[in-house]
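What follows is a set of notes on a single structure, which appears directly below.
There are 2 protein chains.
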Amino acid sequence: MFKIDNEENQARTGKLKTMHGVVKTPFFMPIATKGTAKQVSHEELEYIGSNAIIANAFVLSLKPGMEVIKKFKNIHNFIKWDKTIFTDSGGFQILSKSFLHKADDKGVYFKNPFDGSKKFFSPEDIIKIEEEIGGDVIMALDYVPHYGNSKDYIADCTRITHLWAERCIKVHNKNRKQLIFGICQGGTFKDLREKSAEFINNLDFDGVALGGLGIGEGRTLMFDAVNQSIKKISKNKTRYLMGVGSPEDIIKAVSLGVDCFDSRFPTMNARHGGIFTKIGKINIEKACYKYDESPLDENCKCSVCKKFSKAYIHHLYRTYEPIRDRYGNIHNLFFIQNLMEEIKKSIEENRFEKFKKEFLKDYKINEEKDSKFSYS
Amino acid sequence: MFKIDNEENQARTGKLKTMHGVVKTPFFMPIATKGTAKQVSHEELEYIGSNAIIANAFVLSLKPGMEVIKKFKNIHNFIKWDKTIFTDSGGFQILSKSFLHKADDKGVYFKNPFDGSKKFFSPEDIIKIEEEIGGDVIMALDYVPHYGNSKDYIADCTRITHLWAERCIKVHNKNRKQLIFGICQGGTFKDLREKSAEFINNLDFDGVALGGLGIGEGRTLMFDAVNQSIKKISKNKTRYLMGVGSPEDIIKAVSLGVDCFDSRFPTMNARHGGIFTKIGKINIEKACYKYDESPLDENCKCSVCKKFSKAYIHHLYRTYEPIRDRYGNIHNLFFIQNLMEEIKKSIEENRFEKFKKEFLKDYKINEEKDSKFSYS
Chain A
1 MFKIDNEENQ ARTGKLKTMH GVVKTPFFMP IATKGTAKQV SHEELEYIGS
51 NAIIANAFVL SLKPGMEVIK KFKNIHNFIK WDKTIFTDSG GFQILSKSFL
101 HKADDKGVYF KNPFDGSKKF FSPEDIIKIE EEIGGDVIMA LDYVPHYGNS
151 KDYIADCTRI THLWAERCIK VHNKNRKQLI FGICQGGTFK DLREKSAEFI
201 NNLDFDGVAL GGLGIGEGRT LMFDAVNQSI KKISKNKTRY LMGVGSPEDI
251 IKAVSLGVDC FDSRFPTMNA RHGGIFTKIG KINIEKACYK YDESPLDENC
301 KCSVCKKFSK AYIHHLYRTY EPIRDRYGNI HNLFFIQNLM EEIKKSIEEN
351 RFEKFKKEFL KDYKINEEKD SKFSYS
Chain B
1001 MFKIDNEENQ ARTGKLKTMH GVVKTPFFMP IATKGTAKQV SHEELEYIGS
1051 NAIIANAFVL SLKPGMEVIK KFKNIHNFIK WDKTIFTDSG GFQILSKSFL
1101 HKADDKGVYF KNPFDGSKKF FSPEDIIKIE EEIGGDVIMA LDYVPHYGNS
1151 KDYIADCTRI THLWAERCIK VHNKNRKQLI FGICQGGTFK DLREKSAEFI
1201 NNLDFDGVAL GGLGIGEGRT LMFDAVNQSI KKISKNKTRY LMGVGSPEDI
1251 IKAVSLGVDC FDSRFPTMNA RHGGIFTKIG KINIEKACYK YDESPLDENC
1301 KCSVCKKFSK AYIHHLYRTY EPIRDRYGNI HNLFFIQNLM EEIKKSIEEN
1351 RFEKFKKEFL KDYKINEEKD SKFSYS
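For the protein sequence lines, the chains are A and B, in the order given. Just so we're aligned, residue 1 is where the first sequence starts under this note's numbering, counting upward by one. Just so we're aligned, residue 1001 is where the second sequence starts under this note's numbering, counting upward by one.
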């Protein structure tokens, strides 16, 4: 259940109560597709302060498979994480050539990337899987079109998404105490976005997610779509911008009223040396850090910054030591978590707009790349 | 400095005092070639109970390079590990096609694997590098022949090793308070092994390492060589069996009087699913563990066994989650460290032979593979 605590213009703080505790909003979820964050242990996530992670029901149903999870009763017990778990439905995997075979009104035909076999999943199948997996918040099945598809095509994906959403909500067993979120689509077309947000908002979902964004449309169109959607979503529903993101996008989205985020961005960046700092993203692989005795970010209190120098982390990157990903991921996830804490605090103290302005003034962004930017 | 505390037949416990603390012997060092253990953080090594690690002076001199280490004053400060560090000299890299160009009486001509350039290192160069790196125990340069080389060839490598050892000891600045260990060679030839151990033992080294073993000669010949060498090494010198090893080889080597070990074996195995347990090495990737709710080893108190099931670790292995290596490494290193603790305790209590017998009775070994076994 969701409750708003503070508001400043569109931005708000609140509490999302799930079977496994209370998650203060706005919050960011590290991705744990197969039941673990990338290179980061549960203990480290707790140290970072993450109260929720997101796994992927579709992927888990293939491996380890439902029989294993049922033997362990639920995902919490299988992976030994006792805080909130979201499960994504597999809609996003429709974008992936290694998964999608075809999709129609009935559901989606996936290729199993582990063994090449074809599997059909109806929206009802996905909900049953998500119920058996036992996550705290389950996502409806949506049909995510690629950016650049025709308006007709995207309108049809949106129609199918709505059809599936109705079927998901109809079949979901409320007795299980799992929350269920719907996902709206509509590409970057104002009329489709508004219609979709309104449609999903009018169903009996506990939250509304904004899907199909951050996939190559660039930041201007993305924020237009966020804005158009949120205007149609009731205030009392949790708003979840899927797949986003970067420090600068998160802070902007919060100012538009978003409560919830998940993204590969922090760990994907760390894999290539991209490290978040107060003054923007740096690339730790650059030669200028070879002798640098200072921590990754002077202001950061993460375990990596408290112990190591830029020079040592640079050395681990330059020599391809696999532990580099762990250290980069811990730092970047800690940076985002810390940002969420500062965002919440500033909204509570009614100085979020000021905080946002100051943060974005310091945090340098490569504007040129922004228009082509994609999270997928 | 080294002091023996307890003896039971050839096995002994003792204390090796270095600039960075006391290491109780016999002990096992995790490998930290480039300044980090593989996937395992310093904090985790401390949790495991490792009091010493071994880095590679030759590799560190190439990357990050001596200028970086000198800027940080020493390796301890660069990598932020304040316990004992051994540095290997580069002798072992002579075995590697990606490093060796040629070697002669003067020294070794290495290819820099990072940029292809050729570099000459004399024994004096290596000692200077090891002194500047600032490890607590530095190793002399040795010439490691391949198993299967002719006796004449191995005799010549041994002659060169002795020549280099004399030059290393001559040039080493004792004021630095670093301990220095010599390395004996001799392949699997009794006369060469004995001669080499005697020669190295008679130089002013603080410890004597047994080099060029576990490289394909099989366990019978390896233990023959260990036995032949140790008989020629003074009791009061630390004996270091380089590159070994497995639980069963460590316990046998201790019974012959070895004090010190390092090996890739625990982490190399974990990378391929090989997990040490009381009843022998299991392969966690096997289908039989898919539903297994028990920990990797019922008797183990490591952080992985305390939290996770075999089924979850199996799942991480089967889905190639990179964190699998960390969990496998932590468990295997903890297993070895725990074995060292049990070995020390049983020698102190004069029941090592009994403990060894019981351990080896439970710990199943694939004898067939033993004859071809290699640690390199």
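C-beta: ideal position from N, C-alpha, C; glycine also. Predicted model, so just to flag it, every value in this text is computed and none were measured.
Whether residue i touches residue j by CB criterion (8 Å)
{"i": "A/R400", "j": "A/V208", "result": "The question about residue 400 of chain A has no answer here: the residues shown for chain A are numbered 1 through 376."}
{"i": "A/G243", "j": "A/D262", "result": "yes"}
{"i": "A/L296", "j": "A/C288", "result": "no"}
{"i": "B/K1237", "j": "B/N1202", "result": "no"}
{"i": "B/N1051", "j": "B/E1348", "result": "no"}
{"i": "B/T1025", "j": "B/V1137", "result": "no"}
{"i": "B/A1140", "j": "B/I1094", "result": "no"}
{"i": "B/A1055", "j": "B/T1084", "result": "no"}
{"i": "A/P247", "j": "A/L333", "result": "no"}
{"i": "B/A1165", "j": "B/G1148", "result": "no"}
{"i": "A/S150", "j": "A/R193", "result": "no"}
{"i": "B/L1016", "j": "B/F1002", "result": "yes"}
{"i": "A/D362", "j": "A/K278", "result": "yes"}
{"i": "B/I1069", "j": "B/F1058", "result": "no"}
{"i": "A/H162", "j": "A/F205", "result": "no"}
{"i": "A/V171", "j": "A/I127", "result": "yes"}
{"i": "B/E1293", "j": "B/S1309", "result": "yes"}
Buried/exposed call for residue i, threshold 16 Cβ in 10 Å
{"i": "B/T1220", "result": "exposed"}
{"i": "B/K1281", "result": "buried"}
{"i": "A/K195", "result": "buried"}
{"i": "B/G1245", "result": "buried"}
{"i": "B/M1340", "result": "buried"}
{"i": "A/S89", "result": "buried"}
{"i": "A/H101", "result": "exposed"}
{"i": "A/S377", "result": "Since the displayed chain A opens at 1 and closes at 376, residue 377 of chain A lies outside it and no answer follows."}
{"i": "B/H1272", "result": "exposed"}
8 Å contact criterion, which residue i and residue j should meet: CB distance rounded
{"i": "A/K290", "j": "A/A311", "result": "6 Å"}
{"i": "B/L1060", "j": "B/N1112", "result": "Incorrect: roughly 13 Å between the Cβ atoms, too far for contact."}
{"i": "B/K1080", "j": "A/K301", "result": "The pair is not a contact, with the Cβ atoms about 16 Å apart (cut-off 8 Å)."}
{"i": "A/A11", "j": "A/F355", "result": "With a Cβ gap of about 10 Å, A/A11 and A/F355 do not count as contacting."}
{"i": "B/I1330", "j": "B/E1044", "result": "6 Å"}
{"i": "A/F335", "j": "A/F276", "result": "4 Å"}
{"i": "B/G1107", "j": "B/F1120", "result": "6 Å"}
{"i": "B/P1064", "j": "A/K38", "result": "In fact, because the Cβ distance is near 26 Å, the residues do not count as touching under 8 Å."}
{"i": "B/I1133", "j": "B/I1075", "result": "5 Å"}
Residue i CB to nearest heavy atom of the ligand MG below 7 Å
{"i": "A/F199", "result": "Questions concerning the ligand MG fall outside what the structure shown contains, since it holds no ligand whatsoever."}
For residue i, three-class secondary structure by DSSP
{"i": "B/V1108", "result": "strand"}
{"i": "A/A253", "result": "helix"}
{"i": "B/D1082", "result": "coil"}
{"i": "B/D1297", "result": "coil"}
{"i": "B/V1208", "result": "strand"}
{"i": "B/R1351", "result": "coil"}
{"i": "B/G1218", "result": "coil"}
{"i": "B/R1264", "result": "coil"}
{"i": "A/G287", "result": "Residue identity differs from the one stated: residue 287 of chain A is Ala in this sequence, not Gly. A/A287: helix per DSSP, three-state reduction."}
{"i": "B/S1196", "result": "helix"}
{"i": "B/H1101", "result": "strand"}
{"i": "A/V397", "result": "Because chain A is modelled from 1 through 376, residue 397 of chain A falls outside the range shown and cannot be assessed."}
{"i": "A/L203", "result": "coil"}
{"i": "A/V304", "result": "helix"}
{"i": "B/I1233", "result": "coil"}
{"i": "B/E1425", "result": "This structure cannot settle anything about residue 1425 of chain B, because the visible part of chain B is limited to 1001 through 1376."}
{"i": "A/N332", "result": "helix"}
{"i": "B/M1019", "result": "coil"}
{"i": "A/G91", "result": "helix"}
{"i": "B/N1227", "result": "helix"}
{"i": "B/A1052", "result": "strand"}
{"i": "A/K63", "result": "helix"}
{"i": "A/V258", "result": "coil"}
{"i": "A/F114", "result": "coil"}
{"i": "A/T25", "result": "strand"}
{"i": "A/F373", "result": "coil"}
{"i": "B/N1149", "result": "coil"}
When you compare the region 1140 to 1156 of chain B with the region 1211 to 1228 of chain B, are there three or more beta-carbon pairs, one atom per stretch, that lie closer than 8 Å?
Three or more beta-carbon pairs drawn from the region 1140 to 1156 of chain B and the region 1211 to 1228 of chain B are found closer than 8 Å, and the two stretches are therefore classed as touching.
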